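Undergrad: Using our numbering, read the sequence shown as starting at 1301 and increasing by one per residue.
Cβ atoms here follow ideal geometry from the backbone N, Cα and C, with glycine treated the same way.
These figures come from a predicted structure and were not determined experimentally.
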Amino acid sequence: MDVDKIVNLLNQFKSGEADLPETLSTLKQLPFEDMGFAKVDHHRALRTGYPEVVFCQGKTHEQVEKIFQALEKHNDNILMTRAEPELFQRLEKIDERLIYNELGRTITLETSDREKTGNVLVISAGTADIPVAEEAAVTASIAGAKVERLYDCGVAGIHRLLAQNEKIQQARCIIAVAGMEGALPSVVGGLAACPVIAVPTSVGYGSHMNGLAPLFTMLNSCAPNITVVNIDNGFGAGFSAAMINATK
1301 MDVDKIVNLL
1311 NQFKSGEADL
1321 PETLSTLKQL
1331 PFEDMGFAKV
1341 DHHRALRTGY
1351 PEVVFCQGKT
1361 HEQVEKIFQA
1371 LEKHNDNILM
1381 TRAEPELFQR
1391 LEKIDERLIY
1401 NELGRTITLE
1411 TSDREKTGNV
1421 LVISAGTADI
1431 PVAEEAAVTA
1441 SIAGAKVERL
1451 YDCGVAGIHR
1461 LLAQNEKIQQ
1471 ARCIIAVAGM
1481 EGALPSVVGG
1491 LAACPVIAVP
1501 TSVGYGSHMN
1511 GLAPLFTMLN
1521 SCAPNITVVN
1531 IDNGFGAGFS
1541 AAMINATK
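(1) Report all residues from its chain with a CB closer than 7 Å to the CB of Glu1362; omit the five preceding and five following residues, and keep chain order.
(2) If you draw a straight line from the alpha carbon of Met1380 to that of Leu1387, how long is it in whole angstroms?
(3) Which residue's Cα is closest to the Cα of Ala1425: Asp1376, Gly1404, His1374, Gly1482?
(4) Going by CA-CA distance only, name the one from Phe1535, Val1528, Ala1541 that's closest to Phe1355.
(5) Take the Cβ of Leu1409 as the centre, count every other Cβ of all protein chains shown within 10 Å, and call the residue buried at 16 or more, exposed below.
(6) Any chance the region 1486-1506 sits against the region 1334-1353, with 3 or more Cβ pairs inside 8 Å?
(7) Kindly confirm or deny that the region 1467-1476 and the region 1398-1406 touch, where touching means at least three C-beta pairs closer than 8 Å.
(8) Taking the alpha carbon of Glu1434 as the reference point, which residue from Thr1501, Ile1306, Ile1458 has its own alpha carbon closest?
(9) Near Asp1319, which residues of its chain fall below 8 Å by C-beta distance, leaving aside the five closest residues on each side in sequence?
(10) Output the boundary residues of the beta strand (DSSP E) element that contains Ser1424.
(11) According to DSSP, what are the bridge partners of Ala1498?
(12) Quick one: give me the first and last residue of the beta strand (DSSP E) that Thr1408 is part of.
(13) Using the C-alpha atoms, what's the distance from Ala1437 back to Asn1533?
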């Protein structure tokens, strides 16, 4: 629940549209709602400006459904990550407004009519890195950022990246997603005049070690404007990028 919803609730009580028991019931759920298997944080949007995000992996479909229904009562925008198609099919039956991003494995509900602002640029090294890049792009977008995507621009064909230098220069924050050796963020960092969030992916062969090789490359980058998130953590990159993008 955000500030606007609380103000609206109090105005409804003041005008008599909502009675005291109804108002108190809503306010009691502000800190969190204890569902036994989950404690849904309804207060997070008020504290941070962004509602709680649901990480679906490891949860049953029934658990995710109940968490979604609890969040939907208090939030205009909801993001669920690591969601499989079967879960979306179940949730879509109870809310047709939901949108599924098959590549990024995200489910979103976005009902607030707000303009996307700023400029977050999401770049993937290869086509195989797009699922992580999409998770990042969807996350940044639902958090209010205007997002542009540049895919398959890795260093093996660096002319593809250099051809996009104007867009790189115009970005307020860049997310660079790469597997294999993970060189892309360093090159982008050397071209960009903004923060670059590096995302290593688990795409690669043998000594790539499921993402450790690009992770170490990114952590040891000599480009000073790079920060690194965990392997395959498109959500973390997108969230941080949106916060940087929103900074005046």
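TA: In this structure, then:
(1) The sequence position of residue 1362 within the sequence shown is 62, counting from 1. No residues qualify anywhere along the chain.
(2) By 1-based counting over the sequence shown, the position of residue 1380 is 80. By 1-based counting over the sequence shown, the position of residue 1387 is 87. Rounded to the nearest whole angstrom, the C-alpha separation of Met1380 and Leu1387 is 10 Å.
(3) Mapped onto the sequence shown, residue 1425 falls at position 125. Nearest C-alpha to Ala1425: Gly1482.
(4) As a first step, residue 1355 is located in the sequence shown; it is residue number 55 there, counting from the start. Residue Phe1535 is the option with its Cα nearest to Phe1355.
(5) Indexing the sequence shown from 1 puts residue 1409 at position 109. Its Cβ being crowded by 16 or more others within 10 Å, Leu1409 is buried.
(6) no
(7) no
(8) If you number the sequence shown from 1, residue 1434 lands on position 134. Closest option to Glu1434, Cα to Cα, is Thr1501.
(9) Your numbering for residue 1319 matches position 19 in the sequence shown. Cβ within range, chain order: Phe1313.
(10) For this step, residue 1424 is matched to residue 124 along the sequence shown. Here the beta strand (DSSP E) through Ser1424 covers 1417-1424.
(11) Taking the first residue of the sequence shown as position 1, residue 1498 is located at position 198. Paired residue(s): Ala1476, Val1528.
(12) Stepping through the sequence shown from its first residue, residue 1408 is reached at position 108. Element bounds for Thr1408: 1406-1410.
(13) Here residue 1533 is taken as the residue at index 233 of the sequence shown, counted from 1. Here residue 1437 is taken as the residue at index 137 of the sequence shown, counted from 1. The alpha-carbon atoms of Asn1533 and Ala1437 are separated by roughly 12 Å.
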